[in-house]
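Participant: full-length UniProt numbering puts the sequence shown at residues 1 to 107. Idealized CB from N, CA, C, for every residue including glycine. All values derive from a computational prediction rather than experimental measurement. Once you've had a glance at the structure underneath, I'll fire off some questions.
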Amino acid sequence: MAYDEVLARRIRELLADRPGTTERAMFGGLGFMVDGHLAVAAGSRGALMVRADGTDGAHPLLAPMEMRGRTMSGWYETAADAELTDEDLAELVEMGLRRVATLPPKG
Numbered sequence: 001m002a003y004d005e006v007l008a009r010r011i012r013e014l015l016a017d018r019p020g021t022t023e024r025a026m027f028g029g030l031g032f033m034v035d036g037h038l039a040v041a042a043g044s045r046g047a048l049m050v051r052a053d054g055t056d057g058a059h060p061l062l063a064p065m066e067m068r069g070r071t072m073s074g075w076y077e078t079a080a081d082a083e084l085t086d087e088d089l090a091e092l093v094e095m096g097l098r099r100v101a102t103l104p105p106k107g
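See the structure below:
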């Protein structure tokens, strides 16, 4: 399954004015990177993937992300069928941005 094009467009609109933002196709999804660090992605299963710390990961729309049966530390995702309001999406994208802001820029 390909990523959700509508979700990708909505993320792109939120990040349009953010310096250092790039997009990269990965694992069947579309990742949004800031200064070389993946912050959020429109996942291949239709979910929004968010990079977050444990405190932010407790958000009610998020669950720990699993890939090939393993929980991915520091990554969370919404249900594939979650209906994200504009406010929900903005909050979750901001969560990913906060997390990558703590990381050194990649060259």
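1) For Met67, count the other beta carbons within 10 Å of its own beta carbon; 16 or more makes it buried, fewer makes it exposed. Which is it?
2) Excluding sequence positions up to five away, which residues of its chain have a Cβ less than 6 Å from the Cβ of Leu7?
3) Leaving out five residues before and five after Ala52 in sequence, what residues of the same chain have Cβ atoms less than 6 Å from its Cβ?
4) Considering only the alpha carbon of each residue, which of Pro60, Glu23 and Arg24 lies closest to Leu92?
5) Among Leu38, Asp86 and Asp17, which has the Cα closest to the Cα of Glu23?
6) So who's on the other strand from Gly29, going by DSSP bridges?
7) Quick one: grab the DSSP three-state call for Glu94.
8) Please check the pair Pro105 and Asp17, which I expect to be a contact at CB under 8 Å, by giving their CB distance rounded to whole angstroms.
9) State the CB to CB distance for the pair Thr21 and Leu48, rounded to an integer number of angstroms; the pair is presumed to be in contact (CB under 8 Å).
Facilitator: Straight from the coordinates:
1) exposed
2) Within the same chain, Leu7 has close Cβ partners Ala42.
3) Tyr76, Met95 and Arg99
4) Pro60
5) Leu38
6) Met26
7) helix
8) So it is not a contact: roughly 18 Å between Cβ atoms.
9) Not really, about 16 Å apart at Cβ, beyond 8 Å.
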